[in-house]
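So the sequence shown is numbered by full-length UniProt numbering: it starts at 1 and just counts up by one.
Glycine included, every Cβ here is placed at the ideal spot set by N, Cα and C.
A short worksheet on the structure shown next.
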Amino acid sequence: MANKVAAAAAAAAAAAAAVNNAAITETVTTTTTTTTTTTTTTTLHSSSSSSTTQQSNSPSMKRRLSGSGEDSPGKRTAASPKGIRSIIHSERMVEADIKNYRTLIKSSSARNGDEEEDKDEYNPITDLMRSCELIYEYYLTAKEQELLGDQSHGIMRNLTKYRNRRSASGFALAIEDFNRVISKLKAQGVFNSNVKKISNPSYDLVCHILYQVYSRTAAPMAHALNNYEPFSDMVYGEVNPILVKEFITKTRIHSRSVFMDLGCGIGNVVLQVAAQTGCEAYGIEINETPCKIAKRQLKEYAARMKAWRLPTGKVHFRFGDFLDVVANDLHEVFRRADVLLVNNFAFSPGINQALARLFLDLREGTKIISLKSFVPKNHKINQRTINMPESILRVETLSWTNNGGNYYIATVDRSRLKPYFDQLKRMKKK
């Protein structure tokens, strides 16, 4: 076991030193001011500062379906993380709490199966490997990629080969070779030129960065998100990144859009939308614990997007009740929002009705994404319903092919009222 631990530490230390030496720097504007520069062995940053990588047993990522609730937000307290395990990266050493952390690189002789890799834990080797692949794919031209080979030969092949063989020494050498090439390209100004060609980061790159963010900030506190009554307005549910990607496409969110997540939980959707589009993104959350986690994620997100030299968008999180946007200083933002997300699948009818009344303040053309329709199936515009918020919403039902479920996009369209008023005018003339 001692040999395995030593091999893991040696490999990660070499990787940390090599990647930091091959880093790229760039200033990225963000609305979050962070006093500590956070770096990792897997991002393009030249700082020699260290960062703490935190692990947990990785329970499913939870996201709150928030409602108004009767409790005052100010009375909620955040649970402190328990038993956080860490690997601390620096240029010179890797320090690991081996008592609680299984070595993730094993020597090629360790094939007896008594210490299989825990696939549910954060894996720094997978993180590092994926970062190398994304640098190769998105930050280098085809000619520059030739210096690193591909999956059939060269340095990229060695990275995969030694990772699969669980050879600590081989993997560390492959990382050194990778960073030697990257350092030369950096000195030649290659990255300064190539990064300007990235208008919006790809979905794969965004997912990897957000995985890095979540693993270091939210995952260690995931246990604190389980203390909510099932099937209530306070329940958490997950909106998968692939579905968020579809939301972005269907509603055509772009860099000048204003996006708002009502009941944002730990902020995953807000960060993904901002990262993919560079838009102005807001999240409001009534529970203190997930809101604190969201703000922790935002600080890490700002540092990592800067390290990857990508625009952050303007991201804001508010602690409060989304049914009282005026009190939370978001009414002006609410009125100019282009897209709202409401994960209302578990909301009570009362919460959904209260939400619908807020939609009367939305500007023409605003789109509302929800998992339960705000407009009854057989809703008709007549004298009784003319002033109801449902009457100004044009709803499209969409099928999400990944799981067979539906979601809804309602568009504020007050022209729906025109036929009814025209009919009234004709009746008066008679």
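Within the same chain, THR251, VAL339, ILE409 and THR411 come within 6 Å of LYS367 by CB-CB distance, once the 5 residues on both sides are set aside. The three-state secondary structure of ASP204, taken from DSSP, is helix. For GLU364, the closest alpha carbon among the candidates ASP413, LEU424 and ASN352 is that of ASP413. A buried status is given to MET260, since no fewer than 16 other beta-carbon atoms sit within 10 Å of its beta-carbon. For ILE175, the uninterrupted alpha helix (DSSP H) run begins and ends at 168 to 187, by DSSP. Secondary structure note for GLY405: its beta strand (DSSP E) is the uninterrupted segment 405 to 412. When the Cα atoms are used, LYS377 and PRO389 turn out to be separated by approximately 14 Å.
According to DSSP, HIS316 shares a beta bridge with TYR282.
For GLU280, same chain residues with a beta-carbon under 6 Å away, outside a window of 5 residues either side, are VAL258 and LYS314 in chain order. Taken through DSSP and simplified to helix, strand or coil, MET156 comes out as helix. Partner residues in the beta bridge of ASP261, as assigned by DSSP, are GLY283 and LEU341.
Counting along the chain, ARG304 sits inside the alpha helix (DSSP H) bounded by residues 288 to 307.
With the rule of 3 Cβ pairs closer than 8 Å, the stretch 186 to 194 counts as touching the stretch 132 to 145. For the options ARG384, VAL181, PHE322 and PHE247, the alpha carbon positioned closest to that of GLY265 is the one of PHE322.
Out of PHE247, ASN164 and HIS153, the CA that lies nearest to the CA of ILE369 is found in PHE247. Non-local beta-carbon contacts of LYS372 in its own chain, meaning distances under 8 Å to residues more than five positions away in sequence, involve ASN344, PHE345, PHE347, ASN352 and TYR408 in chain order.
In the structure shown, LEU393 adopts extended strand secondary structure according to DSSP, grouped into three states.
The alpha carbon of TYR301 has as its nearest neighbour, out of PHE319, LYS197, GLN276 and GLU288, the alpha carbon of GLN276. For the pair of segments examined, the stretch 175 to 187 was found to touch the stretch 152 to 159: the number of CB pairs separated by less than 8 Å reaches three. The Cβ atoms of ASN200 and TYR139 lie no closer than 8 Å to each other. Membership of SER370 in the beta strand (DSSP E) is indicated by the continuous run 367 to 370.
Here LEU398 is bridged, per DSSP, to TYR407.
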